[in-house]
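Beneath this line is the structure, given in C-alpha cells, with notes to follow.
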Amino acid sequence: MAEVRDAALLLRRIPHGDTSLIIHLLTREHGRVALMARGARRASSPFRARLAPLCELRAAWRPGRTGMGTLTDVERGALWLPEARAWEGLKLLSLAEKLFREGDGAGFDDVRAALALMAARPRGPGLTAAAWLLLARQGWVGDLDACWQCGARADALAWRRDGLCCPACGAGLEVSPGLRRGMAGYLQSPRVALPQADARTWRRMVEDLLRQHGLGISLEED
Ligand SMILES: [Zn+2]
Numbered sequence: 631m632a633e634v635r636d637a638a639l640l641l642r643r644i645p646h647g648d649t650s651l652i653i654h655l656l657t658r659e660h661g662r663v664a665l666m667a668r669g670a671r672r673a674s675s676p677f678r679a680r681l682a683p684l685c686e687l688r689a690a691w692r693p694g695r696t697g698m699g700t701l702t703d704v705e706r707g708a709l710w711l712p713e714a715r716a717w718e719g720l721k722l723l724s725l726a727e728k729l730f731r732e733g734d735g736a737g738f739d740d741v742r743a744a745l746a747l748m749a750a751r752p753r754g755p756g757l758t759a760a761a762w763l764l765l766a767r768q769g770w771v772g773d774l775d776a777c778w779q780c781g782a783r784a785d786a787l788a789w790r791r792d793g794l795c796c797p798a799c800g801a802g803l804e805v806s807p808g809l810r811r812g813m814a815g816y817l818q819s820p821r822v823a824l825p826q827a828d829a830r831t832w833r834r835m836v837e838d839l840l841r842q843h844g845l846g847i848s849l850e851e852d
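Sequential numbering from 631 applies to the sequence shown in this note's numbering.
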C-alpha cells in the first residue's frame, strides 16, 4: 500500500516488545491512527526523540493490509505549548485520548485550537477554558444564556451535574450572568481576566461534565 503522510499530534505511546512502540496519533486528515514504530525505543532510533507530545509532527506511515500500519518517518515541528506548561498540556491530551477514537476522523484541529487557547492564557484557568472549548467542539456544551434542559432563555441559571438549568427545571450552583459573560469573554480573548472564584466554579462545571460522560479527569494541579 502507498505511504501516507499527514500532520499529527502524539496522543499515546505504548511499549511493545523489547524495542518498539505502538503509538496513537491524532492526524489532521486521517483522524486517530494507531501505528507500530519499530525499534523506536532503541537509543539509536531517530524516532526516539522525535516522538514527543505537544508538538506538531509530520508523520509518514504504511497502512497495514489488515491490521496496524507501520511508521516509516517522523519529523518534529513547532511546540504548541511551552515546556513549563507540559503538565496542563498532558492533561488536555489525556482528555483528547478518551474523546477521539480510531476511525473518528476528527480531533486534530480541535486539540490544536484548545492548546493555542491555553498557551495564551495563564496556568489554571487556561486549562479549564481549553477543556471547555474541546468539549464545546464535541457538542457537549450548550448555550450559556439558556437552560440546557428546556431551552428557555433566562438570567437566573444554575449548574447541575449535567448542565445549566433554569429555576423551573431545577436548582444547583449559581452561575450568574456575569460569570457566563466572563466565560464567553475568556474564550474569545486572552486579555479578559477571570476572578478566582469564577475560575473555580467553571473548573467544577468542566469536571462535572467529564464525570457525567464517564471521564473522571481532575483538572486540579496536585
Ligand atoms: Zn429549564
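By construction, the Cβ of each residue, glycine as well, lies at the ideal position given by its N, Cα and C atoms. As the structure is a prediction and not an experimental result, all values here were calculated from the model.
Query: Under the rule that 16 or more other beta-carbon atoms within 10 Å means buried, what is C795, buried or exposed?; Result: buried
Query: Whether or not the stretch 689 to 701 and the stretch 657 to 672 are in contact is what I'm after, with contact meaning three or more pairs of Cβ atoms, one per stretch, closer than 8 Å; do they touch?; Result: yes
Query: If you reduce the DSSP assignment to three classes, tell me which class P645 lands in.; Result: strand
Query: Assuming D775 and R783 make a contact with CB atoms under 8 Å, what is their CB distance in whole Å?; Result: 6 Å
Query: Am I right that I644 and L651 are in contact with their C-beta atoms under 8 Å? What's the rounded C-beta distance?; Result: 7 Å
Query: Could you check which residue in R695, R821, L725 and A716 has the C-alpha nearest to that of A632?; Result: R695
Query: Can you tell me which of W778, L720, S848 and A759 puts its alpha carbon nearest to the alpha carbon of L641?; Result: L720
Query: According to DSSP, simplified to helix, strand and coil, what is V822?; Result: coil
Query: My guess is that L711 and A749 are in contact by the Cβ rule of under 8 Å, so how many angstroms apart are they, rounded?; Result: 5 Å
Query: Pick out whichever of P693, V741, D734 and G735 has its Cα sitting closest to the Cα of L725.; Result: V741
Query: Indicate, with yes or no, if ligand 1 has a heavy atom lying under 7 Å from the CB of C799.; Result: yes
Query: Can you look up R742 in the DSSP assignment and give me helix, strand or coil?; Result: helix
Query: Using the beta-carbon count (16 or more within 10 Å), is P820 buried or exposed?; Result: exposed
Query: Thinking R658 and A637 are a contact (beta carbons under 8 Å), I'd like their distance in whole angstroms, please.; Result: 4 Å
Query: Can you have a look at P755 and say buried or exposed, based on whether 16 or more other CB atoms are within 10 angstroms of its CB?; Result: buried
Query: Which partner residues does D703 have in the DSSP bridge list?; Result: A690
Query: State the beta-bridge partners of S650 as determined by DSSP.; Result: H646
Query: Shortest alpha-carbon distance to L840 belongs to which of C799, A679, W762 and C685?; Result: W762
Query: When the Cα atoms are used, what is the spatial distance from R810 to M835?; Result: 12 Å
Query: Under the three-state reduction of DSSP, which class applies to G734: helix, strand or coil?; Result: It should be noted that the sequence gives Asp, not Gly, for residue 734. In the structure shown, D734 sits in coil (DSSP, three-state: anything other than H, G, I, E or B).
Query: With 16 as the cutoff for other CB atoms within 10 Å, does A714 come out buried or exposed?; Result: exposed
Query: Any idea what DSSP makes of A667, helix, strand or coil?; Result: strand
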